[in-house]
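Trainee:
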Amino acid sequence: MRPDPRFRVAIGGVLVALLAIGCNREPESVSSKARVVAKSGAVWGRDLANGLGLQEWELCAELGGYDCIGEAHLVALGGVEPAVLGIDEPLPNATVSAPIAVDRVASSACAERWDRDQAGPAVIFGAVLEKDSAANREAVASRLVERLLARTATRDELRALTDLHDAVAPVSSSPARDWGVGACVVVATSTEALFY
Amino acid sequence: MLTRRQLVQRLAAAAGMGAGATLFNSRALAQQGDDPRFLIVLCASGGGSIIDGPLAIRASESMNPDGINTFPDELVTTWSDSPFRAVDQSAGSMGPIPAGFSVRPSEFFGRRRNELMVTTLTGTSVNHNIAQRRSITGNEAWLGRTLQEMVAWQYGMSAPVPNVHLVAGMGYNESGSDASVPTYARRQIVADPLLWPLSLDGSKGLAKGLDPAVLAAVRSARNDAFEPANRFDQIFAQSARLKEWKELRGGAQADIEALELINRLMIAPESTSFPLSEYGLSGSPSADAVRAAFPDYAIDPLHAQAAMAFLLLKYRVSVTVTLGPSFSFVYDSTGAATNGLPDDSVLNPPLAFDFSHQAHRAGQAVVWSRLYAVVDGLISLLQAEDFGDGTSMWDRTMIYIATEFGRQKTRPSGASDWGTAHDLNNGVMVFSPLVPGNTLLGGVDPDTGLTYGFDPLTGDPEPGRTTAEAEVYSGLLGALGIDTSGSGLPDVPAMRKG
Amino acid sequence: MSRSPPPLTPRPHRSLLGFVGAGGVASLLLLVARPGVAQPPGPATFCEAYPDAPACAAGEVSCTTCHVSAPSLNPYGTDLQAALLPGAARPLAEADFTAALPDALAAVEELDSDGDGVDNLTEILAGSSPSDGGSVPAPPDCTDEDEDGWELCGYDLDYAYKKVMLDFCGRSPVFAEREAFQAAKDREALLHETLDQCLDSEFWRGMYGRVWNLANSKIGPLQAVKSGKDVGPIPLADYDDDYAYFVWTQTEDRDVRLVLTGDTFVSASHVDGVTVYEEWNRTPNQDYELRGYDRYQAVQRSRRAGLLTHRWFLMVNTMFTAIPRTTAAQAYRAFLGLEISKLEGLYPVEGEPVDYDSRGVQTDACAQCHSTLDPLAYPFSRYEGIGGGNGESYSYNSRRLDSFTDTDGAFVAETPEAGVLFGQPVADLIEWAEVAANSDAFLRATVSDYWEMLLGEPPRATEQAEFAELVDRLGGEHAYRVEPMLHDLIDTEAYGAP
């Protein structure tokens, strides 16, 4: 049976649309000012806590006793300490340890959220905790962007987050957990989360 | 993402002026990195007076012993083979602080004077911050580049964190003004040496985190997939701050984590405050040695800094480290009190050397003693550390005591302690095998307390001449083997060996 | 020796070197890195040549147009210097410099000093920096073809809303808030309502909040000598008074000039998680009775000048000094945005420095700054610091300098209380503060504080016009109130255009 010509056009249209999405069209427009400011550690931590449904003091504590943002990594994360250290303003340039510190805080906080979701009621990872599937991972990824970046994720971003599972699975003994925490870390430590 | 070599090549293409050829040749820099010199800048925060140190004036030498800052002869130790002196002294209090003290710098100078060069200096500012900055830039002598940046630039291309500042909030810590200095050579502030190692690994030491392999995959997904797809990142991709952030997430981060610095730089021992083993950490293999050299590391930030300074050089994390007392009051409350506080309990008076405004003799004596102990400990550790070619780390290290500015030379007639203002006239100390040891460049007028300069070529003293900041700066760079060709800096061969 | 000081006759801007005799040249050349030092008229002369340059919106460019950190030159300044009367003997007299600068500017127009591929003239007229290779002119036409919710060719309300929340409330808007904002009928009005709400947040106005921390470099806290809450080991003064007063002057409907001219004090306390600022006006005796020796404010009402006469400010800056140059320089820097050590704000006064305290500031190298700084400092000399004078610490004492004759010489007692600020005679510190608070410098410094806090950098050349308008309106229709100025600031393209 020969295909209906209308079907051919419709298929063609769908193919074109799929190609447009899949080919990752590069937007042209960028900021000519190219100016961003960094969130201070306290502000970033507040956003992280709000997004993950945690208290700020629950995010991360080095060696169980030193609050990561308020103490252990205070200066590296843009804090000030004028009266003892003489640091009156946030450091004008990021330190080499700052990205590592950010990864540590996010890993700790995201892992805490995973553990609490596992114990219930789930705030972010519920879908994957129920069933670790591609569709549920996409739902969690979408939730992460909504909660941590306060907007809807784009398809490309969702793909980047769900594709992480393929990279994590071969090196993880708990791929569902590591993917969930890892995707959370990706979003929480992205430049959009850290700067504005 | 640019490697450091690519960055240097770009700079070479763009640079137009005042640059040593080595600095813009990535191959030359790589070679220099294999044969480095190390610079330790020890800050005499608040204004360390050189005539309260190795250039002390004996009362019998002066026409005006009671009106000038001179010492009773019997307190001053001299050596027949040395231009240097040391003043052993004690008192029942430090001005208004009811804590007795006793210092014996003669022991230190007895052992270390052959590694010491003192250069007189007359600065150009009595403002703390400004004088501090001029101590490391020679008063902007070379495009505002700092000593530390130059050492990091030439020798630190392979080091993960070449230029570390363990003290903060001072002019000594400022970045230089020259945009052509590569990012890797710029200062990195470390606020707390005891906790800082915990920020040097993305996964170790966390109760709940991600395994290293998983974290690597996560970082790759973020850097290479999520952010390129992220509109914010696309829009602001040309931002200097974002570029800097991404550069920091690259090679330097990988190097730091590969070196296991979270353990190697961990000074603190296992304790309830530092439950290292509970978090899978082990502490530094050199921790015992540095804690022995700097036993007050837990209560005295300067000791913690000194311990970290050695470890940073030992593990080739850095090629230059800056440390020094802050203006905070540090004291050891253990020990029996004979007055209000136990004797020798004041480790750092408020304002460090600037406590001299209140009690000059006591402030200078106590803080100098503290710095000498740090120098002594660092030299001992570095002497014992093999560079890898049969020479020691010390053979290629310089400790520069940046004195900020001097103090007023006059005193109320015969006073045993009094307050002093800031004074431009002073000198600096350099401990190093790279400079002529047991050498004084310049001199002191015992009748005025003022230092005078020297012939920069021959080193001969020249009363009537003063040494400028740019000359000290240039002399130090020369001794460190920094390529200053094209800089226009004065040549000061008297400050280098050979 | 008794000398009669000349009358304080201010003279107009002059060459830094114009009044120096031949004997002074050598020492000045030591201080100045290169001959042909940029003069005070340079910035204005530049704008006479390029009146339409965006950087000239305020009538003068900043020193960084030619300098890295005065007197050190950047690439553009270096090229300019080479073209400025080549062959003529240095230093140049002011008249020669001013006359020759236009031709020199023209001579380097076609060069590309920073090597970014764009010639200097194009950069100047486009508003990018001719000395920074990373700064190039923006494309002439903006295109934004992506329908992605970002407005890249002008003010983006959604972007501004997120920034306002982060900058003033300390958190990002959550998803629902962003949706609500995007759906709002009058988003501009909602933006400003949001600002109003956030200006009442603890994050902005509270203890240790953003405005509080804006004062760090102005107040210079040091816990070691703090009294009151979180007392230090040697309590001398309580800087919480200063912080509270500062925040109070910057918030609600208050006149920001009170930071220099006010005659009351403010306390800050926490009530149900909210910081409450309360103005008070106790006499010194009353405050002593209430808060004790370590904390009381000792200056009587008729002699108060805002933060300039707060106890902490006098303690940490004046300390034991007869003529408090550090105090004056800190006031100049903190509240007027002028850094004398960088040769900013120099208004040399005829016959100055007199050197009442025999500090040797009349030497040529010192006088170029001290001819401004010393008369700037005289009005501060009647306010006691920690000690040295004969009055109560931290109080006003018209005979204060009588007690410094032993340490500073008899002449110090003849130091006038009258001084000079911006070339204008002032009878005392009260008048100093009035002149300062009503100056353009104060307005610019106030706006700069917030601009740099919120945008992370000083205004770019292309933003000078917006900046200048903020300054004008702060001193004009906003009657020196900061909060309306902030409403203006968030409306600028600098703030709200991505």
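Residue numbers (the working numbering), protein chains in the order written: chain A, 3 to 198; chain B, 8 to 505; chain C, 3 to 500. By construction, the Cβ of each residue, glycine as well, lies at the ideal position given by its N, Cα and C atoms. Just so you know, these numbers come straight off a predicted model, no measurement behind them.
1. Where does the unbroken beta strand (DSSP E) through tryptophan 282(C) begin, and where does it stop?
2. Considering only DSSP beta bridges, list what isoleucine 75(B) is partnered with.
3. With 8 Å as the limit, tell me which residues of the segment 228–244 of chain B have their beta carbon closer than that to any beta carbon of chain C; keep them in chain order.
4. With distances taken from CA atoms, which of Ala171(A), Asp105(A), Gly184(A), Ser109(A) is nearest alanine 143(A)?
5. Compare the C-beta of alanine 190(A) against all C-beta atoms of chain B and say whether one is closer than 7 Å.
6. Residues of chain C with a CB under 7 Å from the CB of glutamate 148(A): which are they?
7. What residues from the segment 226–259 of chain C come within 8 Å of chain B, judged by C-beta to C-beta, listed N to C?
8. Please name the residue, chosen from Arg238(B), Arg256(B), Ala236(B), Tyr480(B), that lies closest to leucine 222(B) on a Cα-to-Cα basis.
9. Using DSSP bridges, identify the partner residues of serine 352(B).
10. Who are the Cβ neighbours of glutamine 312(B) in its own chain at under 6 Å, not counting the five residues just before and after it?
11. Compute the Euclidean distance between the alpha carbons of glutamine 155(B) and serine 492(B), then round it to the nearest angstrom.
12. Whole-angstrom Cβ separation of threonine 84(B) and asparagine 432(B), contact assumed at under 8 Å?
13. Whose CA, out of Glu111(C), Asn399(C), Gly425(C), lies closest to the CA of alanine 415(C)?
14. Can you say whether arginine 145(A) is buried or exposed, counting buried as having 16 or more other CB atoms within 10 angstroms of its CB?
15. Are there 16 or more other CB atoms within 10 angstroms of the CB of tryptophan 152(C), so buried, or fewer, so exposed?
16. Taking the alpha carbon of threonine 458(B) as the point to measure from, which residue in Thr465(B), Asn146(B), Thr473(B) has its own alpha carbon closest?
17. Three Cβ pairs or more, each shorter than 8 Å: is that satisfied between the segment 55–72 of chain C and the segment 467–477 of chain C?
18. Can you check whether the CB of alanine 501(B) is closer than 7 Å to the CB of proline 463(B)?
19. When you compare the CB positions of tyrosine 247(C) and leucine 316(C), do they come within less than 7 Å of one another, or not?
20. So, glycine 482(B) versus valine 499(B), is the Cβ gap smaller than 7 Å?
21. Starting from the C-beta of alanine 78(A), find all residues in its chain whose C-beta is less than 7 Å away, skip the five residues before and the five after it, and write them out in chain order.
22. Flag this pair as yes or no: are the beta carbons of leucine 154(C) and aspartate 146(C) separated by less than 7 Å?
23. Are the beta-carbon atoms of valine 187(A) and valine 225(B) separated by less than 7 Å?
24. Are glycine 151(B) and serine 131(C) touching if we call contact CB-CB under 7 Å?
25. Can you tell me the Cβ-Cβ gap for aspartate 366(C) and alanine 324(C), rounded? I've got them flagged as a contact below 8 Å.
26. Just checking: is the beta-carbon of histidine 172(B) within a distance shorter than 7 Å of some beta-carbon in chain C?
27. Check whether chain A comes within 7 Å of serine 174(C), counting only Cβ atoms and requiring the distance to be less than that.
28. Based on the DSSP output, what are the partners of isoleucine 104(B) in its beta bridges?
29. Give me whichever residues DSSP pairs with arginine 92(B) in a beta bridge.
30. Rounded to the nearest angstrom, what separates valine 173(A) and alanine 296(B) at their Cα positions?
31. Per the DSSP calculation, phenylalanine 334(B) is bridged to which residue(s)?
32. At a Cβ cut of 8 Å, what residues of the segment 310–344 of chain B count as close to chain C, listed as they run along the chain?
33. Need the endpoints of the alpha helix (DSSP H) that valine 171(B) sits in, please.
34. With a CB to CB cut of under 6 Å and the five nearest residues on each side skipped, what residues in its chain are close to arginine 149(A)?
35. Does any residue of chain B have a CB that is nearer than 7 Å to the CB of valine 34(C)?
36. What is the C-beta distance between arginine 119(B) and glutamate 181(B), in whole angstroms, given that I count them as a contact (C-beta under 8 Å)?
Mentor: Answer, in terms of the structure:
1. Position 280 of the third sequence, counted from the start, is the residue given in the question as residue 282(C). Element bounds for tryptophan 282(C): 276–282.
2. Looking up residue 75(B) in the second sequence gives position 68. Isoleucine 75(B) is bridged to Thr417(B).
3. Arg238, Ile242, Phe243
4. Taking the first sequence and counting its residues from 1, one reaches residue 143(A) at position 141. The shortest Cα separation from alanine 143(A) among Ala171(A), Asp105(A), Gly184(A), Ser109(A) belongs to Gly184(A).
5. Taking the first sequence and counting its residues from 1, one reaches residue 190(A) at position 188. Chain B, which has no Cβ nearer than 7 Å to the Cβ of alanine 190(A), makes this no.
6. For this step, residue 148(A) is matched to residue 146 along the first sequence. By Cβ distance, chain C contributes Phe177.
7. Ala226, Val227, Gly234, Pro235, Ile236
8. Along the second sequence, read from residue 1 onward, the residue named residue 222(B) stands at position 215. For leucine 222(B), the nearest C-alpha among the options comes from Arg256(B).
9. Along the second sequence, read from residue 1 onward, the residue named residue 352(B) stands at position 345. Looking at the DSSP assignment, serine 352(B) forms no beta bridge with any residue, so it has no partner.
10. The count along the second sequence starts at 1 and reaches residue 312(B) at position 305. These residues qualify, in order along the chain: Leu173, Pro200, Leu330.
11. To locate residue 155(B), count along the second sequence from 1; it is residue 148. To locate residue 492(B), count along the second sequence from 1; it is residue 485. Rounded to whole angstroms, glutamine 155(B) to serine 492(B) spans 18 Å at the Cα level.
12. Along the second sequence, read from residue 1 onward, the residue named residue 84(B) stands at position 77. Along the second sequence, read from residue 1 onward, the residue named residue 432(B) stands at position 425. Contact doesn't hold; Cβ gap of about 24 Å is too wide.
13. For the purposes of this step, residue 415(C) is taken as the residue at position 413 of the third sequence. With distances taken between Cα atoms, alanine 415(C) lies closest to Asn399(C).
14. Looking up residue 145(A) in the first sequence gives position 143. Classification for arginine 145(A): buried.
15. Looking up residue 152(C) in the third sequence gives position 150. With 16 or more other Cβ atoms within 10 Å, it is buried.
16. For the purposes of this step, residue 458(B) is taken as residue 451 along the second sequence, with counting starting at 1. The candidate whose alpha carbon is nearest that of threonine 458(B) is Thr473(B).
17. yes
18. By one-based count along the second sequence, residue 463(B) stands at place 456. By one-based count along the second sequence, residue 501(B) stands at place 494. Closer than 7 Å, so yes.
19. Here residue 247(C) corresponds to residue number 245 of the third sequence, with the count starting at 1. Here residue 316(C) corresponds to residue number 314 of the third sequence, with the count starting at 1. Contact: no.
20. Position 475 of the second sequence holds residue 482(B). Position 492 of the second sequence holds residue 499(B). Taking 7 Å as the Cβ cut-off, glycine 482(B) and valine 499(B) qualify as a contacting pair.
21. Along the first sequence, one-based indexing puts residue 78(A) at 76. Closer than 7 Å at Cβ, skipping near neighbours: Thr97, Ser99, Ala100, Ala103.
22. Your numbering for residue 154(C) matches position 152 in the third sequence. Your numbering for residue 146(C) matches position 144 in the third sequence. Yes, they are a contact pair.
23. Translated into positions along the first sequence, residue 187(A) becomes position 185. Translated into positions along the second sequence, residue 225(B) becomes position 218. Yes.
24. As a first step, residue 151(B) must be located in the second sequence, where it is residue number 144. As a first step, residue 131(C) must be located in the third sequence, where it is residue number 129. No.
25. Counted from its first residue, the third sequence places residue 366(C) at position 364. Counted from its first residue, the third sequence places residue 324(C) at position 322. Not confirmed; about 23 Å, so no contact.
26. Within the second sequence, the letter at position 165 stands for residue 172(B). Cβ-Cβ to chain C under 7 Å: no for histidine 172(B).
27. Numbered from 1 along the third sequence, position 172 holds the residue referred to as residue 174(C). Closer than 7 Å to some Cβ of chain A, the Cβ of serine 174(C) qualifies, so yes.
28. For the purposes of this step, residue 104(B) is taken as the residue at position 97 of the second sequence. Isoleucine 104(B) is bridged to Met101(B).
29. As a first step, residue 92(B) is located in the second sequence; it is residue number 85 there, counting from the start. Thr85(B), per the DSSP bridge assignment.
30. Here the question's residue 173(A) lines up with position 171 in the first sequence. Here the question's residue 296(B) lines up with position 289 in the second sequence. If you take the alpha carbons of valine 173(A) and alanine 296(B), they lie about 38 Å apart.
31. Your numbering for residue 334(B) matches position 327 in the second sequence. Phenylalanine 334(B) pairs with nothing; no bridge assigned.
32. Phe334, Ser335, Phe336, Tyr338
33. Within the second sequence, numbered from 1, the residue matching residue 171(B) stands at position 164. Element bounds for valine 171(B): not the alpha helix (DSSP H) but the beta strand (DSSP E), 170–172.
34. Mapped onto the first sequence, residue 149(A) falls at position 147. The answer, listed in chain order, is Gly53.
35. The sequence position of residue 34(C) within the third sequence is 32, counting from 1. Interpretation of valine 34(C) is limited by its pLDDT of 27, a score under 50 that renders its predicted location unreliable; the figure taken from the coordinates is listed afterwards. No, its Cβ sits nowhere closer than 7 Å to a Cβ of chain B.
36. As a position in the second sequence, residue 119(B) is number 112, starting the count at 1. As a position in the second sequence, residue 181(B) is number 174, starting the count at 1. At roughly 30 Å, the Cβ-Cβ gap does not stay under 8 Å, so arginine 119(B) and glutamate 181(B) are not in contact.
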